[in-house]
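Novice:
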Amino acid sequence: MPRPEDFAALYALLDEPVVEGDCGLYCAPHNEGGIPFCCDPRHAVPTVYREEWAFLVQRSEMWRPWLAETPEETRRLWKETPRYQLPVVCQGIAACARERPYRSLVCRSFPFFPYFDRPGTFLGLTYYWQYEDRCWVISHLDRVRPAFREAFVRTYERIFALYPQERETFRYQSMLMRRVFGRRHREIPLLHRDGGYYWVRPRDGRLRPAQPQEFPKHGVYAVIENLPFPDDPP
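This note's numbering runs 1264 ahead of the 1-based position in the sequence shown.
1. Is Leu1320 closer than 8 Å to Ala1415 when the C-beta atoms are compared?
2. In the DSSP output, what is Thr1390 paired with across the bridge?
3. Along the chain, where does the alpha helix (DSSP H) that runs through Trp1342 open and close?
4. Once DSSP output is grouped into helix, strand and coil, what is the label at Leu1350?
5. Figure out for me which residue from Thr1419, Arg1472, Glu1325, Leu1331 has the closest Cα to the Cα of Leu1369.
6. Mind checking Arg1442: buried by the 16 CB within 10 Å criterion, or exposed?
7. State the DSSP-derived secondary structure class of Val1312, mapped to helix, strand or coil.
8. Identify the residues that DSSP records as bridge partners of Pro1466: which are they?
9. Quick one: using the 10 Å Cβ neighbour count with 16 as the cut-off for buried, is Met1326 buried or exposed?
10. Of the residues Asn1295, Glu1396, Val1283, Tyr1366, which one's Cα is nearest the Cα of Ile1271?
11. Would Phe1479 and Asp1406 be called neighbours here (beta carbons separated by less than 8 Å)?
12. Just to confirm the assignment: which complete alpha helix (DSSP H) runs, minimum length 4, are found wholly within the region 1405–1472?
13. Does the count of Cβ pairs from the region 1390–1407 and the region 1297–1316 closer than 8 Å reach three?
Here you go:
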């Protein structure tokens, strides 16, 4: 049974920056209010494990349970959230800057989730495609640090030991991504746990090697890429 104190070790495992620099600064100018998309509950509502919540509230005032503008919307999201998790919201980017050690696992992982192949093998990292048009990292997968990739894999192996049901959760998420990308006639970018980059063919899950620079840009980042003088972080 997971314990609140297990999260001190999990946070220490997943304490690597996703990219060099602060990716929130790269996407924030493109969001209303200059807030990074992943920090804006209008775009993303994170969840925490219930034991993680117990760990956090003993040490930080950064988090509170998430409530929507209407009771109906609140009930809907809470109903959709697994019983061993809670939807939460933080006190904002200033609080996060002050209390960085208490970022949740979801915040540390975003925009990635563990990708499972059809037989159920954890192959590496892919991303929540719903944020393709907003998340700077998704349009710059070549910038993801190897140390982050390694830390992500180690952390989720530990999470699967603590929460075996999460393997099926992410296996389903991976299956759903194959279905969505198959309908769009697209292949899935994969940051493999072996350090390589691959395309996943949705129809049968087969992998083919990729160059990270091949992965496409999306939304405003695709527009910026084609400007005569791209305004993009170095």
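Built from N, CA and C at the ideal position, the CB exists for glycine as well.
Specialist: Based on what the coordinates show:
1. With respect to Leu1320, Ala1415 sits apart: the two C-beta atoms are not nearer than 8 Å.
2. Here Thr1390 is bridged, per DSSP, to Phe1377.
3. 1335–1344 is the span of the alpha helix (DSSP H), which, as asked, contains Trp1342.
4. Note: Leu1350 maps to strand in three-state DSSP.
5. Checked all of Thr1419, Arg1472, Glu1325, Leu1331; the closest Cα to Leu1369 is Thr1419.
6. Its Cβ being crowded by 16 or more others within 10 Å, Arg1442 is buried.
7. Note: Val1312 maps to strand in three-state DSSP.
8. Residue pairing by DSSP places Pro1466 opposite no residue, since no beta bridge is assigned to it.
9. Buried.
10. Ile is not the amino acid found at residue 1271; the sequence shown has Phe there. Nearest of Asn1295, Glu1396, Val1283, Tyr1366 to Phe1271, Cα basis: Tyr1366.
11. Yes.
12. As far as the region 1405–1472 is concerned, its whole alpha helix (DSSP H) runs of at least 4 residues are 1410–1426, 1429–1447.
13. Under the three-pair Cβ rule at 8 Å, the region 1390–1407 counts as touching the region 1297–1316.
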